[in-house]
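Please read the structure below before turning to the comments.
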Amino acid sequence: MRREIPLFITAITGVVFIIAYFIPHPPFNQIQDLFQTWFQIIAAFAIILGVLNLMVVNGDKVYRRSKGWGYSVIIILSFLVMAGIGTFKLGSKASPLEEGTPFMYLFYNVYYPLTSTVFALLAFFVASASFRAFRARNKEAALLLTAAFFVMLGRVPIGDYLTSWIPLKWLHLSTIANWIMAYPNMAAQRAIMIGIALGIISTSLRLILGIERSYLGGD
Amino acid sequence: MSEKLRRKGRGCRKGGLIPLAAFIFFLFLWDGAWAEDLDTLPPSPPREVTAFDTPNDAGGSITLTWRKSTDDGTGAGDVTAYIILRAERKEGPYKEITKLPAGAVRYEDTTTKDGVDYFYKVSVSDGVNISESPPSQAVHSKAQWFNFKRLNMLLAGFILSLGIVYFISRARAGKELYIRKIAGLDAVNEAVGRATEMGRKVFFIPGILDLDDVQTIAGLSILGQVAKLTAEYGTKLEVPVCRSVVMVTARETVKEAYLDSGHPDAYNDEIVHYLTDDQFGYAAGVDGLMLREKPAAIFYQGAFYAESLILAETGFSVGAIQIAGTAMPSQLPFFITACDYTLIGEELFAASAYLSREPRALGSIKGQDLGKAIILFILGLGVVLETLGITGFSQLFTTQ
Amino acid sequence: MGFFRGMLNLDRRIIFILIAGAVVVPLFIPFHLKMHPTPASQGLYNAVEKLPEGSTVIISGEYDPGTAPEIQPMMIGALKHCFRKGIKVILMGLWPQGPALEGQALQEVFKEKEFKEMNLQYGKDYVNLGYKAGGAVVIQSMGTSIPATFPTDMAGTPIEKLPLMKGIRNFNDITFVLDFSAGDPGTPAWVMFAHDRFHVPMAAGCTAVSAPMLYPYLQTKQLSGLLGGLKGAADYEWLTKSSGTGIRYMPSQSIAHLVIVIFIIIGNIAFFVVRKGEKR
Numbered sequence: 001m002r003r004e005i006p007l008f009i010t011a012i013t014g015v016v017f018i019i020a021y022f023i024p025h026p027p028f029n030q031i032q033d034l035f036q037t038w039f040q041i042i043a044a045f046a047i048i049l050g051v052l053n054l055m056v057v058n059g060d061k062v063y064r065r066s067k068g069w070g071y072s073v074i075i076i077l078s079f080l081v082m083a084g085i086g087t088f089k090l091g092s093k094a095s096p097l098e099e100g101t102p103f104m105y106l107f108y109n110v111y112y113p114l115t116s117t118v119f120a121l122l123a124f125f126v127a128s129a130s131f132r133a134f135r136a137r138n139k140e141a142a143l144l145l146t147a148a149f150f151v152m153l154g155r156v157p158i159g160d161y162l163t164s165w166i167p168l169k170w171l172h173l174s175t176i177a178n179w180i181m182a183y184p185n186m187a188a189q190r191a192i193m194i195g196i197a198l199g200i201i202s203t204s205l206r207l208i209l210g211i212e213r214s215y216l217g218g219d
Numbered sequence: 001m002s003e004k005l006r007r008k009g010r011g012c013r014k015g016g017l018i019p020l021a022a023f024i025f026f027l028f029l030w031d032g033a034w035a036e037d038l039d040t041l042p043p044s045p046p047r048e049v050t051a052f053d054t055p056n057d058a059g060g061s062i063t064l065t066w067r068k069s070t071d072d073g074t075g076a077g078d079v080t081a082y083i084i085l086r087a088e089r090k091e092g093p094y095k096e097i098t099k100l101p102a103g104a105v106r107y108e109d110t111t112t113k114d115g116v117d118y119f120y121k122v123s124v125s126d127g128v129n130i131s132e133s134p135p136s137q138a139v140h141s142k143a144q145w146f147n148f149k150r151l152n153m154l155l156a157g158f159i160l161s162l163g164i165v166y167f168i169s170r171a172r173a174g175k176e177l178y179i180r181k182i183a184g185l186d187a188v189n190e191a192v193g194r195a196t197e198m199g200r201k202v203f204f205i206p207g208i209l210d211l212d213d214v215q216t217i218a219g220l221s222i223l224g225q226v227a228k229l230t231a232e233y234g235t236k237l238e239v240p241v242c243r244s245v246v247m248v249t250a251r252e253t254v255k256e257a258y259l260d261s262g263h264p265d266a267y268n269d270e271i272v273h274y275l276t277d278d279q280f281g282y283a284a285g286v287d288g289l290m291l292r293e294k295p296a297a298i299f300y301q302g303a304f305y306a307e308s309l310i311l312a313e314t315g316f317s318v319g320a321i322q323i324a325g326t327a328m329p330s331q332l333p334f335f336i337t338a339c340d341y342t343l344i345g346e347e348l349f350a351a352s353a354y355l356s357r358e359p360r361a362l363g364s365i366k367g368q369d370l371g372k373a374i375i376l377f378i379l380g381l382g383v384v385l386e387t388l389g390i391t392g393f394s395q396l397f398t399t400q
Numbered sequence: 001m002g003f004f005r006g007m008l009n010l011d012r013r014i015i016f017i018l019i020a021g022a023v024v025v026p027l028f029i030p031f032h033l034k035m036h037p038t039p040a041s042q043g044l045y046n047a048v049e050k051l052p053e054g055s056t057v058i059i060s061g062e063y064d065p066g067t068a069p070e071i072q073p074m075m076i077g078a079l080k081h082c083f084r085k086g087i088k089v090i091l092m093g094l095w096p097q098g099p100a101l102e103g104q105a106l107q108e109v110f111k112e113k114e115f116k117e118m119n120l121q122y123g124k125d126y127v128n129l130g131y132k133a134g135g136a137v138v139i140q141s142m143g144t145s146i147p148a149t150f151p152t153d154m155a156g157t158p159i160e161k162l163p164l165m166k167g168i169r170n171f172n173d174i175t176f177v178l179d180f181s182a183g184d185p186g187t188p189a190w191v192m193f194a195h196d197r198f199h200v201p202m203a204a205g206c207t208a209v210s211a212p213m214l215y216p217y218l219q220t221k222q223l224s225g226l227l228g229g230l231k232g233a234a235d236y237e238w239l240t241k242s243s244g245t246g247i248r249y250m251p252s253q254s255i256a257h258l259v260i261v262i263f264i265i266i267g268n269i270a271f272f273v274v275r276k277g278e279k280r
């Protein structure tokens, strides 16, 4: 029964959604909005579970003094400070989201630089990953490497400085980079997108028909 | 020449020389603004104003079409705006509902109440004068029971589903179905085995989107298969997630997998734990876990954004065997560069069927291939016809 | 041979140090590079440039602090472009952090004398409707009624009290949409609903990583233009003759790209030398 009920709900909901796509008449046209709202409500309540889990797992780590427990202390403290200031509107009159409140101060001066730092790691990782991966091991890899070379230089002004002396404009790095982006790249993107769309349709059908049930733990 | 221009012209001739001189004098004296005020002749009104219930919609909308004023672009060429007026009785009062720039020939009024009769007038303005069209016939909006603009989608979906159901029934009947080898999935056993030998953990990252994304569900299906292997081999599994709903579902998935493989005692809730909803906070958290725990195998299966390379490069630095799978085209190059194996797009969706070897699921993959063959044929035909200048065919595939 | 083997297994920290140098050093040496805007950037500029004075444009922000270094210069560029042309701006966001960052972009714009002197007023020349959860569903709902979707602005002021919002009912009253997005929900949702369903012309800006994915929309003219990453932002600043972090950071990005390309070349030379040595 534990498995049948979710499968039944999935099947019914899936079929109703497909029908609703073709019927603009109420109540079918409101079904998507309704389910979206339900999902948001469930997700909002589930956050409580997530937060509880975060506190329990990290609290346990601190209690047991297990490996890396210091990080857990930081997680718990950061959570309590940010959630406390936001929930109790400390230092703000109406909303903690107004400019100049302690919440926004932490947002701009702690959260902002931390998030930007993690994102900025990409610059370093792109360099190390491309150094390792872009080797002309075979014909296909050589082709990939050449495209990467043109796009990397052609997408920044330095590419134009390197080739602007060439009288034929189509030999300029930026022209070649634009061509690669607008034609071979776009064709490949479309092919991948079509494949993905078909994959989604097929997976959805398997879910609706109850064939795909590994996400419930079964075969 | 438009009616307005003719009327203006007549006005000048009748007046003779003195008024003309006076006119020029005033022009010099009072600048352009005075000249505008002299334009006392209204533009010709829009013609053939037609109002009809907007087709294929959920009601609450009436569409208006009209033919442009002859002074819009042609004639006097001084039309500045069209004003849409609406009333619930033919004699009025008519209220302005919107103003559209010159050149407009269509308007969709989406503020109507279903079942209420409306009358419309379209008036045209040249900045000084206004002329109105006669009122339209009475029209009311209503919701439709079928969106005919989506008929092509219905047919396409029907054909594709028929193909999938056909292959599923063939698979059920015991027909052997060939599915090409997917190296990334063949390596799942090897990756979990390696972690077992090294006595290290297996990490499973189910992407950063919520359960309403099919990629996350596909990722959880693969988690079910991986969890079975870790349960059988007695390897430790860790699943850090960034959505609470995914945490709850992933726990069920792993719990059932451990139960199915006969090791329910090896399961505990801590296998699946929540970190944060924040994208880069999650990436930093998982990176930290990787550096501390040094897992021997890492699976990235689901929807990923910019954090893909941040995770995969850290995973590489700790020497883990990495198997990624995503349907995010922009992240595929990063995974291909940094991971040992990558499931590209649709391979992610095929993974669960491939791993479980369940005949019905394999049948659906075969049906999907049939869909792809049909699409390829249509694309080829479309390219040929468009190249030959025959455009009607491609119009059959537009959707709304 | 030993040298080349060493190059093949180069400690990635050396690469990291050189990349850091390539990014940081040019920040302290002020020099500007001439831009050659891509056709995609030019498309966005032309589309905004063609909008008549008094038009109403929605600018939606789907990004967060992590992606702000790439997207924020685009947002600032778009605000400046619109204000100069007398276009009214409705700001909003489908990501929770988007509207706060839009507010910060406004502050940046008003720091400049040119815009301070314009004396633009909140509620009359621009508004910020804030964040609304729901992604694509929000856009769909705006197609029916913008006031019903956003009954108040970001600060909680009822929408009917804002003069700019008078007469704005749905997408019929919107001339153009500019979407600056770093992920999902983002540009594909705007294209699918605002453009395809409600026929509002639009253009977008995105992180460099997601630009290749959005190129198909350019060819089909579902997007009038596209700013891709910091280079896109720099192109826009160049076209609008504004100064900003896009152009200022371009030397860093150029040199970092050059360093990566040099590393790739060195890696390949080492790869071929070692392979030749092994064959012998």
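Protein chains in written order, with the numbering used here: chain A, 1 to 219; chain B, 1 to 400; chain C, 1 to 280. Just so it is clear, CB atoms sit at the ideal spot from N, CA and C, and this is done for glycine as well.
Terminal residues of the alpha helix (DSSP H) in which A/Glu140 lies: Element bounds for A/Glu140: Lys139 to Gly154.
Verify the CB distance criterion: does C/Ser60 have a CB-CB separation below 7 angstroms to chain B? For C/Ser60, the closest Cβ of chain B is not nearer than 7 angstroms.
Distance cutoff 7 angstroms, beta carbons only. Does A/Ile19 sit that close to anything in chain B? Interface flag for A/Ile19 against chain B is unset, since no Cβ pair is found closer than 7 angstroms.
Jot down the residue ranges of each uninterrupted beta strand (DSSP E) in the stretch 89-138 of chain A, minimum 3 residues, whole runs only, in chain order. You should have found no qualifying run.
Which parts of the stretch 110-188 of chain C are runs of the alpha helix (DSSP H), unbroken and 4 residues or longer, counting only runs that do not cross its ends? DSSP runs (the alpha helix (DSSP H)) wholly in the stretch 110-188 of chain C: 113-116, 136-144 and 146-149.
Which class does C/Ser60 belong to by DSSP, given the choice of helix, strand or coil? Secondary structure of C/Ser60 (DSSP, three-state): strand.
A/Ala191 versus B/Ile344, B/Thr391, B/Thr54 and B/Glu358, residue with shortest Cα-Cα distance: Comparing alpha carbon positions, the residue from B/Ile344, B/Thr391, B/Thr54 and B/Glu358 closest to A/Ala191 is B/Ile344.
Could you confirm whether any beta carbon from chain C is found closer than 7 angstroms to the beta carbon of A/Tyr112? It does: the Cβ of A/Tyr112 has a partner Cβ on chain C nearer than 7 angstroms.
Positions along the stretch 214-233 of chain C whose CB lies within less than 7 angstroms of some CB in chain A: Hits within the stretch, in order: Tyr215, Pro216, Gln219 and Lys231.
Reducing DSSP to helix, strand and coil, say where B/Arg47 ends up. The answer is strand: DSSP assigns B/Arg47 an E or B state.
For chain C, check one thing: does any of its Cβ atoms lie closer than 7 angstroms to the Cβ of A/Met82? The beta carbon of A/Met82 sits no closer than 7 angstroms to any beta carbon of chain C.
Look at B/Ala404 and B/Arg200 and say whether their C-beta atoms are less than 7 angstroms apart. The structure shown does not extend to residue 404 of chain B, since chain B is modelled only from 1 through 400, so no value can be given for it.
Using a Cβ-Cβ distance cut-off of 7 angstroms, determine whether B/Ser330 contacts chain C. It does; some Cβ of chain C falls within 7 angstroms.
Just verifying my parser: in three-state terms, what is the DSSP assignment at A/Met193? DSSP, reduced to helix, strand and coil, places A/Met193 within a helical segment of the structure shown.
Continuous alpha helix (DSSP H) stretch holding A/Trp38: start and end: Unbroken alpha helix (DSSP H) run through A/Trp38: Ile31 to Arg64.
Within 7 angstroms of any Cβ in chain B, is that where the Cβ of A/Ile176 sits? Cβ-Cβ to chain B under 7 angstroms: no for A/Ile176.
So, with DSSP's three-state summary, where would you put B/Gln301? Residue state, collapsed to three classes: strand.
Does B/Lys372 get closer than 7 angstroms to chain A when you measure Cβ to Cβ? Judged by the 7 angstroms Cβ criterion, B/Lys372 is in contact with chain A.
What are the boundary residues of the alpha helix (DSSP H) that A/Pro6 is part of? Segment Glu4 to Phe22, the alpha helix (DSSP H) holding A/Pro6.
Below 8 angstroms CB to CB, which residues in the same chain sit around C/Ala78 once its five sequence neighbours on both sides are set aside? Once the five neighbours on either side are set aside, the close Cβ partners of C/Ala78 are Val48, Ile59, Leu178, Phe180, Gly205 and Tyr236.
In this structure, how does DSSP classify C/Ile90 when only helix, strand and coil are distinguished? Reduced to three states, the DSSP call for C/Ile90 is strand.
Exposed or buried, what is C/Met1 when buried is set at 16 or more other beta-carbons lying within 10 Å of its beta-carbon? C/Met1 counts as exposed, since fewer than 16 other beta carbons sit within 10 angstroms of its beta carbon.
Terminal residues of the continuous beta strand (DSSP E) containing C/Gln222? No beta strand (DSSP E) contains C/Gln222, which DSSP labels as neither H nor E.
Under 7 angstroms, Cβ to Cβ, is there at least one residue of chain A near B/Glu36? For B/Glu36, the predicted model reports a pLDDT of 46, less than 50, meaning its position is unreliable; a value from the coordinates is still stated below. So, not an interface residue.
Span of the alpha helix (DSSP H) around B/His273: For B/His273, no alpha helix (DSSP H) encloses it; the enclosing beta strand (DSSP E) starts and ends at Val272 to Tyr274.
Which whole-angstrom value describes the C-beta separation of B/Thr314 and A/Ser130, a residue pair presumed to lie in contact below a C-beta threshold of 8 angstroms? B/Thr314 to A/Ser130, Cβ: 16 angstroms. No contact.
Select from the stretch 293-312 of chain B all residues with a C-beta closer than 7 angstroms to any C-beta belonging to chain C, and list them in chain order. Identification of residues in the stretch 293-312 of chain B having a C-beta nearer than 7 angstroms to some C-beta of chain C yields Tyr305 and Ala306, given in sequence order.
Based on the DSSP output, what are the partners of C/Ala204 in its beta bridges? In the DSSP output, where bridge partners are listed per residue, C/Ala204 has C/Asp179 and C/Leu226.
Give, in chain order, every unbroken run of the alpha helix (DSSP H) that is at least 4 residues long and sits entirely within the stretch 210-280 of chain C. List check, alpha helix (DSSP H) in window: 211-219, 229-239 and 245-279.
Per DSSP, which residues does B/Glu96 bridge with? Please list them. B/Leu85, per the DSSP bridge assignment.
Own chain residues within Cβ distance below 6 angstroms of B/Lys90, not counting five before or after: Excluding its 5 nearest sequence neighbours in each direction, B/Lys90 has C-beta neighbours in its own chain below 6 angstroms: Phe119 and Pro135, listed in chain order.
For the 8 angstroms Cβ check, are there 3 or more pairs between the stretch 114-134 of chain B and the stretch 38-57 of chain B? Three or more Cβ pairs closer than 8 angstroms define a contact, and the stretch 114-134 of chain B meets that threshold against the stretch 38-57 of chain B.
Taking a contact to mean a Cβ-Cβ separation below 7 angstroms, would you say B/Lys366 touches B/Phe167 in this structure? Yes. Within cutoff.
Just reading off the alpha helix (DSSP H) that B/Leu311 is part of, what are its end residues? Note, B/Leu311: alpha helix (DSSP H), Glu307 to Ser317.
Excluding the five sequence neighbours on either side, which residues of its own chain have a C-beta within less than 7 angstroms of the C-beta of A/Thr101, listed in chain order? Exclusion of the five residues before and after A/Thr101 leaves Gly91 and Ser92 as the residues of its chain whose Cβ lies within less than 7 angstroms of its Cβ.
Could you name each continuous alpha helix (DSSP H) segment of 4 residues or more that falls completely within the stretch 319-367 of chain B, going from the start of the chain to the end? Listed in chain order, the alpha helix (DSSP H) runs fully inside the stretch 319-367 of chain B are 332-338 and 346-356, counting runs of at least 4 residues.
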